[in-house]
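> Input: one structure, supplied below.
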Amino acid sequence: MKIATWNVNSVRTRAALVADFLAREQPDLLLMQEIKCEAHQFPGDVFEAAGYRAAIVGQKSYNGVAVLSREAVDIRERALPGEAEGSASRYIEVELRDLIVGNLYLPNGNSGGDEGFRAKLDWMGKLHDHAAGLLDADRDFMLAGDYNVCPTDADYAKGALAATDALVRPESRAAFRALIWLGLTDALRALQPTETLYTFWDYQAGAWQRDRGLRIDHALVSPRVSERLESVVVAKGERDKVQPSDHVPVVVVIGG
DNA sequence: ATGGCACGGCAACCGTGA
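Everything in the first sequence is counted per the numbering used here, starting at 781 for the first residue and increasing by one.
Shown next as structure tokens:
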């Protein structure tokens, strides 16, 4: 099974690029974040032509997540369990062939001062509790998307972020480690432990040309799924296209 | 050098992103 995650930074602006990616990669699932539109504005026809249907949790202007699939999937959740009613559209969870797949867009945490940062940590706590529940239920799962966390200093280029940035603050990293310590595996690092790998390059200051990137898009998998990992690849070429997203896809292949 | 660029909304810039 091939599952890709991609923060597309507006699905309407990126529809043609996404359709091209689908045609080349043929993933079973594409998890998209920051679609930046409501369901009725979603360019579903473009993806239907490529053989994909969509499960959408949309929102006007900001956030929004969607899952594209070739087969029908069961939608398990349309928000992270425990999130406040009417909260931002940051989570959708589907099930395909006994695999639970959560698609997440974690709060950045740099806006809104201390309260904004605390909201990021609260969200990570709810994700932790949800993951713990899935492990208790002995389910196989992947939680993938834009985590907005660089787990270690090896996960961002020198000078790309201040030490006080919410993406690298110790509390953010501790919350990410807490997910790992549940027994989850960072799929990319499991297969490429020492490579310099980034999934985001800012539009500003020639970050792409200077390779000043961040690794903030992650796929965490449950123990049995970690043993089925066949390949995990960063589709870096997507950053070099005309009018690209500032993020690139991470593509995970699971055997068995 | 703490700003640069891109997005949506909505019709001039502004909030947000990372």
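Glycine residues also receive a C-beta, built at the ideal position from the N, C-alpha and C atoms.
Report yes if the C-beta distance between Tyr871 and Leu879 is below 8 Å; otherwise report no.
no
> Just the Cα atoms here: how many angstroms apart are Leu968 and Thr976?
Looking at the two C-alpha atoms, the distance is approximately 11 Å.
> Comparing C-alpha positions only, which one of His998, Ser952, Asp916 sits nearest to Met904?
Ser952
> So His1027 packs on Phe980, CB below 8 Å; how close in whole Å?
The C-beta distance from His1027 to Phe980 rounds to 5 Å, short enough to fall under 8 Å.
> Just the Cα atoms here: how many angstroms apart are Leu947 and Gly892?
If I take the Cα positions, the gap works out to 14 Å.
> What is the DSSP secondary structure of Thr785, reduced to helix, strand or coil?
Reduced to three states, the DSSP call for Thr785 is strand.
> In this structure, how does DSSP classify Gly925 when only helix, strand and coil are distinguished?
strand
> Could you tell me which of Ile783, Met781, Tyr832, Asp808 sits nearest to Ala795, measuring between CA atoms?
Tyr832
> Can you check which of these residues, Lys782, Met781, Ala799, is closest to Val788 by C-alpha distance?
Check the Cα spacing between Val788 and each of Lys782, Met781, Ala799: the tightest is with Ala799.
> Assign Ser869 to one of three DSSP states: helix, strand, or coil.
The three-state secondary structure of Ser869, taken from DSSP, is coil.
> Should Ala834 and Phe822 be called a contact, given that it needs their Cβ atoms to be closer than 8 Å?
yes
> In angstroms, rounded to a whole number, what distance separates the CA positions of Trp988 and Ala917?
42 Å
> Look at the alpha carbon of Leu848 and the alpha carbon of Leu994, and state the distance between them as a whole number of angstroms.
25 Å
> DSSP three-state label for Val853, please.
coil
> Do Lys840 and Glu818 have their CB atoms nearer than 8 Å?
yes
> Comparing alpha-carbon positions, which option in Val1030, His998, Tyr842, Ala899 lies nearest Ala864?
Ala899
> Ignore the nearest five residues each way along the sequence and tell me which others in Leu964's own chain have a CB closer than 6 Å to its CB.
Around Leu964: Leu1000.
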